[in-house]
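Residue numbers (our numbering): 204 to 293. C-beta: ideal position from N, C-alpha, C; glycine also. Below is one structure, written out as structure tokens, with a few remarks after it.
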């Protein structure tokens with residue numbers, strides 16, 4: 204599996220973005236603190252056949268480094284769309 208890293212930066216005035224469940228159906232377990240702007244998300248890119256929440260491209264997050272932290276922690280099956288009113292993952 205190809206792991207890629209992206210930096211979360213909300214295009215609007217939000218300070219971050221809450222985790223999503225698997226857009227293909229299914230629920231994530233207990234979610235860690237949601238990532239703030241500047242957090243680094245590492246995981247696998249998925250392109251869906253049909254858009255969910257207006258997004259076909261999603262990141263299945265394996266681990267993330269919270270903004271201001273220097274260590275990665277498991278993200279336990281959390282997902283993040285690539286766009287939210289503009290580009291979200293850079």
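Distances from the CA of residue 280 to each of 211, 227 and 288 were compared; the closest alpha carbon is that of 227. For residue 266, the uninterrupted beta strand (DSSP E) run begins and ends at 258-268, by DSSP. It is roughly 7 Å from the alpha-carbon of residue 283 to the alpha-carbon of residue 264. A distance of 9 Å or more separates the beta carbons of residue 273 and residue 240. For residue 275, same chain residues with a beta-carbon under 6 Å away, outside a window of 5 residues either side, are 266 and 268 in chain order. When the five nearest sequence neighbours on each side are left out, the beta carbons in the same chain lying within less than 7 Å of the beta carbon of residue 278 are those of 235, 264, 265, 266 and 267, in order along the chain.
Distance from the CA of residue 261 to the CA of residue 247, rounded to the nearest whole angstrom, comes to 8 Å. For residue 208, the enclosing beta strand (DSSP E) begins and ends at 207-210. As the crow flies, the alpha-carbon of residue 213 is around 9 Å from that of residue 288.
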